[in-house]
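Some notes on the structure that comes next.
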Amino acid sequence: MDTNQSIDNYVKILKKAYNAFNKRDIASALELMMPNVTWPRAFKGGFVQGHQEIQAYWQEQWHEINPKVVPIDFEAMNENEITVTVNQIVKNLDGQILADEHVKHTFTFTKHLIQGMKLEE
Numbered sequence: 140m141d142t143n144q145s146i147d148n149y150v151k152i153l154k155k156a157y158n159a160f161n162k163r164d165i166a167s168a169l170e171l172m173m174p175n176v177t178w179p180r181a182f183k184g185g186f187v188q189g190h191q192e193i194q195a196y197w198q199e200q201w202h203e204i205n206p207k208v209v210p211i212d213f214e215a216m217n218e219n220e221i222t223v224t225v226n227q228i229v230k231n232l233d234g235q236i237l238a239d240e241h242v243k244h245t246f247t248f249t250k251h252l253i254q255g256m257k258l259e260e
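The numbering of the sequence shown is our numbering, which starts it at 140 and goes up by one.
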């Protein structure tokens, strides 16, 4: 597969992952990730690793806040890394907006699955 096909495939995977996250469909999101995926605990700090830790983190997060992330732009950094600009809207559980901002997430891929995500400053 050439690099452009890989990048197009990664963009499709990321769109599916964001959609699954916003629907709170953890199983569908995790299917797109390597078993040992590394994920930032943006809400709490630090990182989690692996499907079970991501699931626990997301469930904890969703009991305290209601985040929605909508991808706006995808930029290939190299053949295995894409930075996504997202509109991140975070509400409290009563629906009050706590944050509405653009942030960047950089994803690394291995074997056409998400290997890791980090937040860009």
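Just so you know, even glycine gets a beta-carbon here, dropped at the ideal spot from N, CA and C.
* Within its chain, find whatever has a CB closer than 7 Å to the CB of Val187; leave out the 5 residues flanking it on each side and keep chain order. => As a first step, residue 187 is located in the sequence shown; it is residue number 48 there, counting from the start. Correct list, in chain order: Trp178, Arg180, Ile193, Tyr196.
* Asked: So, helix, strand or coil for His190, using DSSP?
  -> Within the sequence shown, residue 190 is the residue found at index 51, counting from 1. Looking at His190 - three-state DSSP - the assignment turns out to be helix.
* Burial state of Ile253, where buried means 16 or more other Cβ atoms lie within 10 Å -> Within the sequence shown, residue 253 is the residue found at index 114, counting from 1. The residue in question, Ile253, is buried, as its Cβ has 16 or more Cβ neighbours within 10 Å.
* To do: Report buried or exposed for Gly255, applying the criterion of at least 16 other Cβ atoms within 10 angstroms of its Cβ.
  => On the sequence shown, position 116 is the one that residue 255 refers to. Buried, since its Cβ has 16 or more Cβ neighbours within 10 Å.
* Asked: CB Lys207 to CB Gln235, shorter than 9 Å?
  -> To locate residue 207, count along the sequence shown from 1; it is residue 68. To locate residue 235, count along the sequence shown from 1; it is residue 96. If you check the CB distance, Lys207 and Gln235 do not come in under 9 Å.
* Asked: Where does Phe160 fall in DSSP's three states?
  -> Reading the sequence shown from its first residue, position 21 is the one you call residue 160. Three-state result, Phe160: helix.
* Note down, in chain order, each residue of its chain lying with its Cβ closer than 8 Å to the Cβ of Asp212, except the 5 sequence neighbours on either side. => In the sequence shown, the residue the question calls residue 212 occupies position 73. If we look at Asp212 and ignore the five residues flanking it on each side, its Cβ neighbours are Val223, Thr224.
* Neighbourhood of Ile268 by C-beta distance below 6 Å, restricted to the same chain and skipping five residues each side -> Because residue 268 is not part of the residues shown, which for the chain are 140 to 260, the question remains open.
* When the Cα atoms are used, what is the spatial distance from Ile165 to Gly189? -> In the sequence shown, residue 165 corresponds to position 26, counting from 1. In the sequence shown, residue 189 corresponds to position 50, counting from 1. Taking the Cα positions, Ile165 is about 13 Å away from Gly189.
* Asked: Roughly how many angstroms lie between the CA atoms of Ala159 and Gly184, to the nearest whole one?
  -> Counting from 1 along the sequence shown, the entry for residue 159 is found at position 20. Counting from 1 along the sequence shown, the entry for residue 184 is found at position 45. Whole-angstrom Cα-Cα distance: 22 Å.
* **Residue from Thr247, Leu258, Glu259 whose Cα sits closest to the Cα of Asn175** => One-based indexing of the sequence shown puts residue 175 at position 36. For the residues Thr247, Leu258, Glu259, the minimum Cα distance to Asn175 belongs to Thr247.
* Among Ile204, Leu258, Asp239, nearest to Asp233 - alpha-carbon criterion -> In the sequence shown, counting from the first residue as 1, residue 233 sits at position 94. Taking Asp233 as reference, the option from Ile204, Leu258, Asp239 with the minimal CA-CA separation is Ile204.
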